[in-house]
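Enquirer:
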Amino acid sequence: MAWRKPTADKVMGMAKEGYSMPTALGSIRRLIMTPALADVTAAKRGFPVRESEITRHLEAIPQSVICGFEWGIDARGLWEVERRLSQIQPELRGFAYEGATMAFTIVDTMGRRGHRTRELLEGPGSPHIFLAYIGIGFAMARLPRPLWKKVLPDLHGSPYHPTMSWLAVDGYGFDRAYFDTERWVDRQHRPKPYPWLGSPDYFNRAVDQGIGRCLWFIHGAQAADVAARIEKFAPERRPDLWSGVGLAATFAGGADAAGLETLRRLAGAHAADLAQGSVFAAKARTYAGHVPEYGAAATLALTGLSPEAATTLADDSAVPETAGGADLPAYEMWRTNVRRHFLSVVENRTA
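In numbering that gives the first Met the number 0, the protein residues as written are 0 to 350.
#1: Within this structure, are the beta carbons of Ser277 and Thr261 separated by less than 7 Å?
#2: Using only the alpha-carbon positions, how far apart do Val10 and Arg141 sit?
#3: Are there 16 or more other CB atoms within 10 angstroms of the CB of Arg351, so buried, or fewer, so exposed?
#4: Between Asp314 and Arg182, what straight-line distance do the alpha-carbon atoms span, to the nearest angstrom?
#5: Alpha carbon to alpha carbon, how far is Gly294 from Trp215?
#6: Please classify Asp107: is it buried, with 16 or more other beta-carbons within 10 angstroms of its beta-carbon, or exposed?
#7: Please report how far the alpha carbon of Ala308 lies from the alpha carbon of Asp179, in whole angstroms.
#8: Taking the straight line between their C-alpha atoms, what separation do you get for Val184 and Ala99?
#9: What did DSSP end up calling Asp185 once you bin it into helix, strand or coil?
#10: Asp169 and Ala205: beta carbons closer than 7 Å?
#11: Using the Cβ count rule (16 or more neighbours within 10 Å means buried), how would you classify Glu97?
#12: So Gly93 and Leu130 are in contact, right, with Cβ under 8 Å, and what is the actual spacing, rounded?
#13: Measuring alpha carbon to alpha carbon, tell me which of Ala35, Lys43 and Ser51 ends up nearest Phe68.
#14: If we ignore side chains and look at the alpha-carbon of each, how far apart do Tyr201 and Ala317 end up?
#15: Among Ala257, Ala95 and Ser343, which one has its Cα closest to the Cα of Ala287?
#16: Compare the C-alpha of Ala283 against each of Thr54, Leu312, Glu235 and Arg144 and name the closest.
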């Protein structure tokens, strides 16, 4: 069962009600658009894994997104959403903010007063800005393309806006791979490019980064199965897929020390891409103020760095948004600088 896109008429009519809508109307919106928690389990999605402690750990992530979405779509105000999200354990709180951002983006885009998402991300959602962008991508997967030009709020106070908003495109790719795996993973569908931040040629690369993240979930954090699936994709897509895997393995966890070592070894020539994804995950976790033990272990295994050192590397590698262009956005220049660090480490070891 796919998470179906609500009709524009239904959402438009409900979104116009705004924050102060009666709870009954919010509940109607939630019932129309929200999947059951069981719909995001590996068994329900038909992923090639057996139920285990690992799959249950990974399933808690999309389930947290759903909870955040329900609270956001049913909200009377930002204070209420923030209080609900604060009850989520720190390890999963960022994912709940993904869901709330998704809900606010849908309501903002389809309604008349598009300010909820901006208020969330400039307020309590600010520490979770990286995952919040992904939530915008989840909303994009449910909105008609002509409305995508309205999904990105103006966040003038954030040093990561709009450069890191490419994570919204990553989120779009993850969502499509998770809910339509046969088309986006098995048949390796590529969507029509979209001029996100004026760079249509980069759009599908960011989508692939999200698909790579999703492969970690589809295969239950099993390194050998993830690597084998990546090998079925065209060679030019593999670097971005491996980057997505590195981000997921670090931020979501699921692998023990042996599994992480196997993952790094199987990445082979793409070890720097894997490490780059891990660095961005460490940066996001550190910025949010909570790095779980498995996140620290994955960062060390995949990059050789502590989360703090990985965060410093990310900060030192950043470039201003004005440095990018249509062919190579600033986001990719940032990623490239991180990859070069790990490539230089390998070269020094073999010299």
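Yeah, the Cβ is synthetic: ideal placement off N, Cα and C, and Gly gets one too.
Expert: Let's see:
#1: no
#2: Residue confidence is low: Val10 scores 36 on pLDDT, short of 50, so the model does not pin down where it sits. Its coordinate-derived value is still stated next. Each residue's alpha carbon lies about 11 Å from the other.
#3: In this structure the chain extends from 0 to 350, so residue 351 is not present and cannot be described.
#4: 37 Å
#5: 14 Å
#6: buried
#7: 37 Å
#8: 27 Å
#9: helix
#10: yes
#11: buried
#12: 4 Å
#13: Ala35
#14: 18 Å
#15: Ala95
#16: Leu312
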